[in-house]
Structure formats: C-alpha cells, structure tokens
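In our numbering, the protein residues as written are 2 to 948.
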C-alpha cells in the first residue's frame, strides 16, 4: 500500500514536471519490485530380470474390486485410478488388471537388450527411435503367456461378453504426466485368444512412437516404466464423451466442460467427430454455453460445427429431448459425478464416460495436467482475487525451484510489511508453478490505483494490460472487497515513509546541486562504489555465521536489508526523470533525440561488462595460437597451454573476478554462475573471433557517443527556435549531460543484488553438501526442492527429519517447467487473455517497440544462453534477457523477446547499445533459427523475409 502513497500525493501536486515525476516514481517502484515420482515409485534396480520370481511375489491378475488393484506399481496409472473409483462406489464396468508382474516376466533378456539400445539412441534421432520401437513392438506381440497367466485371465472372462482392453503404464495418468492417447486400446474382444492377443498388443504399445517420444520429452527412462492391461466389460453406449471438472481452455476451476457424442467415446477422444460441448457453472449448475456437435462419419461438411447455439440473453438451449445428446438432468448428474471424483483424487479430472439405458459409467479418469496451478496460499474469503506474475515483470518466465520461489515470495512480503500492508486485506505474494505472483486485487478495486498500475505497466510489461483490463471490466463486481488501506498499520507505514523522506530530500538536493556544479560527473563511479561496498559488507556478514543454518538465516536477513537499501538508492533515479522532463519541456517532440542520449553509456555496468569482454577477445585475437585453439573448441585449461595462452587466461580470469557472479536469468540463483561455468562467455569470445574485427566493440560505443553528441546539437538547435530560445539553448547541454550521467547508474542495484544472490547460492549449496555428507540428501542439488523453513529445520534438527517427498517435488518441478506460466491468473484458475490491438498493416508479427531502429539478418533463437553463441549481425530471438545475457549483445544486430517492455533489461541494453528491439508474444515459437527477419523497432514489427 505505502508504495503508492507518494505517487498519489505527487499526482495532486503542481509543477511542470509533476507528471514526469509520477511516471518516474512508477518506474522506480517497478524497478524495486524488479527485484522420480514420474515412474510411479522408487526404482528398485532393473525391473526386468525377475522372470518367475516376480509372479511368485505379485499377483498376475487382480479384479478391479481387489484393494491391491489401487497399487500403482501393480495396476499402472489407469488401472489404479479405476480401482479407486470402484472402492469409492462409483459406477465402473466390471473388469480386471493383468498386472505389471506379467509384463515384467514377459521382458526377457532379448527385450531387455532392445530397451537398452532404445535408451542409448539420441532423442533427436527420430528415425532410429522409430525403427527400434517398431522392432520392440513386433517382438512383444509374438510372445506367449505362461499357462498359469492364461488360466488366471480365463477365470475372469464371462461367456458371450465383449471386453475392451486398455494399457495402463506406471507413468500414465499421473498428476505430472498424463500420457493421454499414447498407448493402445483394443475394443470388442471376447474369446481367451482374442483377449490375450489384445493384452499383448496393449503391452507392446508401451513402445509406440508417441509414447517413446513423450517419455523422452518428459525425461522418463524407458527402462523404468512398466505396464498393466485393464480388461473391462464393454459398454454398448448410447452416448459417450469426456468431462473436464475444470475448464481446460480458460483454466477456471468453477466451470465444468463436457464433450458428448452418440455411440462409443473413442470417436470423441480421437477427434473423428465434433462433439457437442456444454460448459456448466459448477457452483450454480447453470449451463453457461452450449455448442452443437457434428458427426463426420458420413463425410459431411463440418463447417459451422461447435458454433454457440445457446441464447446468451435468455439462457435458453435447444430442446433437450430432440436436439441434444444429454438432457439437462443428465448434465447435472454427470457434473455431480465429476465433483465426487475430483474430491477423491484432489485434482481437477479428465473423465471418460458412457451412458447406456440411462445408466452412467465411468470408463477412466486422469488428472488434467495442462492446468496452471492455483496461487498459494489461497484466499479464504470466497471472493475473486487477481494475481500478477512478478516473474513476468522480471522477464524471467521459467519455473523456479521451490527454494528460489520461496526466497522471492519472502522478499515481496517483507517489502509490503515494511509499509504496513496487511497480508489478509492488502498487497501480498503467492506462489504457483514455480512462479511468484502478487495479489493485486486491492489495486484493481480502486479506479485511481488501477490507472496507476496500468500506466506503470505501459513501459514495463504492456502485455499484462489487456488481460487486467479485461478481467476488471468483465468481473470487476466479483473482486474481493479488499483495500490497500484496510488493515494497514498506520504506524508502520508512517515509519517507512519517514525513513524514505530524507532520501527524497537528498535526491531533490542533489538535483539542485547538480544544476550548479559538476558533481553529476562522479555519479556512475559513486554508484558502482556503493554497489561493490554494500555487497562486500553483506557477504562478509553472511560468512561470519557460525553454522550453515546461521549463514542461511543471515543471507535471508541481508536480502531483506538490501531490498530496502535498493529502494533508497533507486529513488535517486528521480534525477533522471527531472532532467528528462526538463529536456522535453525545453525541446518538444524530440523523442528520437532523447533516445539517442540513452545510447553509448560506457560507464553503465552492463556496457562496461561488454567492453571488457571485447578487450579480452582482442587479446585472444592478438595471439594466433590462442585464436586457433578457439577454432578447435578447446576449453580454458587447454587454451592456457598454447603460446599466448597465459596472457589470455589471466585476462579472462580477471574478467571473471569482476563479473563471475553474473549468469543468465540470474534472479533464479539455482542456476550456475559464470565463475562456475564460463562456457557461455567463451562461446561469445569464439563467435566474436570468427566474425568481428579488432576493437570494433569500442568503436561501436564511440560511434554511439558521437551520435549522442549530435543529438545534443540537434536539441540545442530545436530549443533555439522555441520561445526564449537563447535561454533554452544554454540549458540543453548541461541538462543532457546530467541526464546521461544519471542514466548510467540505472543497472547498479541489480549489479549489487547479483553479488548477494551469488553468495546466497554458495551458502545453499554448502548446506546441501552438508546434508549429502550426512546421508540426508541423495544429491546436493535436491536442496533446491526445499523451502527455506524446511531447509533450516533440516539443518538445525537433524534427529527429526521433516516430511517432504523430494521425488514428488522433483517430478512436480519438471512438470511446472513444461507449462507456460500465465502472466495473470485468478484465484479460480482463470487465465484472462486480452490481446494487443494494433492498427499496423503488416503480414509480419506485430509487437511492442522497445528500442528504435531497423535491422535485418538471420534469426538465432536461443532459449538458454549457457550453451549458445550468436554470430555477428545475427538477430537474437529469446524468451527474455537479463544482465547474464549481456555478452550476446556484443554480436547482436537486433533483439526480439517474448516478454518485456521499454524499461526491462533487454530493451534498455538494446537502446544503450544502439540496436532495435521488439517484444512479440510467442516469438521463440513463431520464428526459427536461420530465417531471415527484419526487426523494425520504430513500428514494433518483425517481418519474415524471403530467402
């Protein structure tokens, strides 16, 4: 709450730079905020070489009503889920499981060797994978079951009854991996021979091309997966379909979605018919939308299928008896079944069902694995809350491990607490899917605060504006009645504002002082001194702790302390907004010139880093043997041994001494730093040696400095033509120079923070190593799966281990990394979309212009810079960038990112380095490496060019 009070006060004050200060405050505010269960069980050695001993220990066949059938290891995901439905008394067709023990006996030495060969194939070698998988399937299909297994199956079969056989793998239908449609189903079998053949077919389908690829993508080893086959009586269905207990399109947990069609459900699941779709409000039972279905079996035109036919005004739907697959009563009954099943499993479910002679049957259920998790902790007021992704604000959209997410969530809450915000009614943080979110409901409730929020996002994350406006317009009356004022501690707020008041005073004083003397020239140097000294002192204090737990606790305290110091320092950036506002008043309509002033800031820490890495590259260029060693892709130690190698490695190690604490996506401090893995930097040097020229990095900055000087001259000329031109002209240069000087300190707080995060990472890993030595962690990197309270408890109470399933968390973390985290999400799981409206006429991708200029060249799509290089004049296409990506800018001709805004790191560096930049949603998915593209940073367009 308190973060916005100064903005409100300033908004109501006067002065010709009031609006610029308010905008500056918003930018500062955002800058401050800037700040294997997958296999179904523990692996018990190679699961195949068990032969008859397996069947002696485990049953070959289990009825679905047998309590043992709920065991995932015996029945696989599908079978275990069906057995749980049976035990809950739900209508499930009678059936039995041919357990994993049968499959494991079937897998002899020949098949074991074939699976090992499959495991050894590179996942990208799809042709060899297909060939080997086909051989495996063919081999399994011709196997024969032992007589005792055949007898056990025969006992379960009823004469004259048709059955359906479905595969049920141990990595299937889990909360983190569904494997939907990856394995086989065989319909309408009855005799013993037909049933056993169907069981073998289902077991062979463990190695369909789809399943093999899916396992590789989800990092599930082929050797660790087993399969059961579920055999059930086949339902002669009048209608069938799928029920989603949460809306799979919007994510909304209070809406159920039903796909229904006449006959068997296979047509719905396979997509050979366009099913009737009904969306239902789970709380009221109201049908929200009805879309008619069309069968394509007769080759009829499907045009017009699924058009909404519900009368939105009256809520009327087509006549239930004549025109719909399901009656209203049946819809209500089916949704009720879904409610019960979801409660039983604890997750939203994807349920296949059939109805015959008025009786519903549940055919299978699995978790909906594509939903984004709900933010935790969940509100308990029953009202709608809206959350904005702090990660998107940072431009870092990859899921973080639990400990890192907990770190940043704590940081946000401490900051809000310092301003007296009540977490129950005011601003607070939450986590979901490895992301940190801020509950911004109190801001959206207020028209004035909502306008500040949306205006602040204009430069930082414009893509968030449309979904926030959309949810506020559509569901504003449902928002929780929270307020940034309600429950606020006035004492705490006044105390925090009081502490900031002297900093504001000093800032205003520095503006006045800077206008009459040359103290501004020392600003970049003093800012870096502050950053280094502050980080050094905090790191010293962290290391003074007596134990691993003490050092971690101090690291948390120092992060809280730094967040406050960073806010105080960031307020000094008001100088920037004052000088910019003044220049705009002196020289109207000169945005191009003002952007030119933002370029070539050689004392900015990120620009300095690029210059110094360029100098290191030139040392390699001056030593032919070193340059040749780079051509051979040698590592640093091998380069050290060649002539001139000592000089180069000394310079490179000196660079690491200054910047080794940095890394790509460095706020995610579970990732390795440059001092741990310098390969990205060496890759940049290698690329620069291949395509660059000696000293071109310094020449580039000098050219930008020259352009900035010319921009000042143009501003002076512009000012001369205005009223009181001679006075205006004399003010332009001193204000422009001061503007550039203060701009140079813009990245300094993150530069200091990165040093603190590097030390925090060291302490976390040291704690993990301690737990590993003591046998309480299998792998040191599992330490990232704790939250801080859990880790501190493990360190301080070794005799009372905490109850944390690290295997489940590891699988959950991997699952989160496969999801696309939403920028905005509600407490109901709804993901409002919105969209950027543009009147630009183009066949290219329309985005947000963040750095002016036009460049064209080959695109290089880089998702993770740790093992990537960029050739000179290539255009970098990335999900986002931060200071850890800076070395790649040495070669980049332009920048395209999925996320960001004018004031995010990549855009700022692009402007400082004089290359165009555009933010395009989904750019890394729509543009391919090697395509020639044109980046127009003036209009916000990325065009694909003909070869």
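Heads up, the beta-carbon is just placed ideally off N, CA and C, and yes, glycines get one too.
What you are looking at is a predicted structure, and each value in this text was computed from that prediction instead of being measured.
Exposure of residue 360, with buried meaning 16 or more beta-carbon neighbours within 10 Å: By the 10 Å Cβ count, residue 360 comes out exposed.
Residue 570 - containing alpha helix (DSSP H), residue span: In the DSSP assignment, residue 570 falls within the unbroken alpha helix (DSSP H) covering 549-572.
- What is the rounded straight-line gap between the Cα of residue 746 and the Cα of residue 599? Roughly 12 Å between the two C-alpha positions.
DSSP bridge partner residues for residue 81 (one or two, in chain order): The bridge partners DSSP lists for residue 81 come to none.
Between residue 626 and the rest of its own chain, which residues show a CB-CB distance below 6 Å, the 5 nearest in sequence each way excluded?
Cβ neighbours of residue 626 beyond the five flanking positions: 643, 644, 645.
Next item on the list: Measure the alpha-carbon distance for residue 890 versus residue 526 and round it to whole angstroms.
Entry: Near 23 Å, if we compare the C-alpha coordinates of residue 526 and residue 890.
Report task. Could you tell me whether the stretch 858-873 touches the stretch 921-936, using the rule of 3 or more Cβ pairs below 8 Å? Result -> Flag = yes, the stretch 858-873 and the stretch 921-936 touch.
Consult DSSP for residue 930 and reduce its assignment to one of helix, strand or coil.
The answer is coil: DSSP assigns residue 930 none of H, G, I, E or B.
key: Opening and closing residue of the beta strand (DSSP E) in which residue 439 lies   = According to the DSSP assignment, residue 439 belongs to the beta strand (DSSP E) that extends over 436-440.
query = So, are the CB atoms of residue 796 and residue 549 less than 7 Å apart?
reply = In contact: residue 796 and residue 549 (Cβ atoms closer than 7 Å).
Can you grab the Cα-Cα spacing for the pair residue 595 / residue 607, in whole Å? Cα atoms of residue 595 and residue 607: separation of roughly 20 Å, rounded to the nearest angstrom.
- Query: DSSP three-state call for residue 877: helix, strand or coil?
  - Reply: In the displayed model, residue 877 falls within a strand according to three-state DSSP.
**Request:** Take residue 810 and list the residues in its own chain whose beta-carbon comes closer than 8 Å to its own, dropping the five residues that flank it on each side.
**Result:** 403, 786.
- State whether the stretch 389-396 contacts the stretch 458-469, with contact taken as three or more CB pairs (one from each stretch) at a distance under 8 Å. With a cut-off of 8 Å on Cβ pairs, the stretch 389-396 is in contact with the stretch 458-469, counting three or more such pairs.
Exercise for the section: Go ahead and label residue 298 buried or exposed: buried means 16 or more other beta carbons lie within 10 angstroms of its beta carbon, across all protein chains shown. Expected result: Because residue 298 sits at a pLDDT of 44, beneath the cut-off of 50, its placement in the model cannot be relied upon, and the following sentence gives the value as read from the coordinates. Answer is exposed; the Cβ neighbour count stays below 16.
| Under three-state DSSP, which class holds residue 588? | Coil, per DSSP.
Legend entry - residue 826 (DSSP reduced to helix, strand or coil): Correct three-state label for residue 826: strand.
Report task. Would you check if the stretch 654-669 and the stretch 613-620 touch, i.e. whether three or more CB-CB distances between them fall below 8 Å? Result -> Touching, yes, given that three or more Cβ pairs across the two stretches are closer than 8 Å.
Could you name the residues that DSSP lists as bridge partners for residue 625?
-> In the DSSP assignment, residue 625 forms no beta bridge with any residue.
What first and last residue would you give for the beta strand (DSSP E) that runs through residue 168? Start and end: 164-170.
With DSSP run on the structure shown, which of helix, strand or coil describes residue 520?
If DSSP states are grouped into helix, strand and coil, residue 520 belongs with the helices.
*Among 281, 286, 283, 324, which has the Cα closest to the Cα of residue 293?*
Ranking the options by Cα distance to residue 293, first place goes to 324.
Query raised in the report: Are the beta-carbon atoms of residue 1 and residue 252 separated by less than 7 Å?
Result: In the structure as shown, the chain begins at 2 and stops at 948. Residue 1 is therefore absent and cannot be evaluated.
Exposure label - residue 169; buried when at least 16 CB within 10 Å: Counting Cβ neighbours within 10 Å, residue 169 comes out buried, since at least 16 surround it.
Roughly how many whole angstroms lie between the Cα atoms of residue 565 and residue 694? For the pair residue 565 and residue 694, the Cα-to-Cα distance works out to about 44 Å.
Distance, residue 101 Cα to residue 55 Cα | With a pLDDT of only 47 at residue 55, under 50, the local geometry of the prediction cannot be trusted, and the value read off the model is given with reservation. Going from the Cα of residue 55 to the Cα of residue 101 covers about 9 Å.
How would you call residue 474, buried or exposed, if buried means at least 16 neighbouring beta carbons within 10 angstroms?
Answer is exposed; the Cβ neighbour count stays below 16.
Residue 388 by DSSP, collapsed to three states: which one? In the structure shown, residue 388 sits in a strand (DSSP, three-state: E or B).
(message) Below 8 Å on the Cβ atoms is my contact criterion, and I expect residue 749 with residue 597 to pass it. Report the Cβ-Cβ distance as a whole number of Å.
(response) Incorrect: roughly 22 Å between the Cβ atoms, too far for contact.
Within this structure, are the beta carbons of residue 870 and residue 684 separated by less than 7 Å?
Yes, Cβ-Cβ distance for residue 870 and residue 684 is below 7 Å.
Report task. Just the C-alpha distance for residue 439 and residue 390, rounded to the nearest angstrom, thanks. Result -> Their backbone Cα atoms lie some 6 Å apart in a straight line.
Which partner residues of residue 372 appear in the DSSP bridge assignment? Bridge partners of residue 372: none, in fact.
### Message
For residue 938, count the other beta carbons within 10 Å of its own beta carbon; 16 or more makes it buried, fewer makes it exposed. Which is it?
### Response
Under this definition residue 938 is a buried residue.
**Asked** Which residue comes first and which comes last in the beta strand (DSSP E) that contains residue 263?
**Response** Unbroken beta strand (DSSP E) run through residue 263: 256-263.
Using the beta-carbon count (16 or more within 10 Å), is residue 633 buried or exposed?
Within a 10 Å sphere around the beta-carbon of residue 633 sit fewer than 16 other beta-carbons, which makes this residue exposed.
Do residue 407 and residue 806 have their C-beta atoms closer together than 7 Å? No, these two residues do not count as a Cβ contact at 7 Å.
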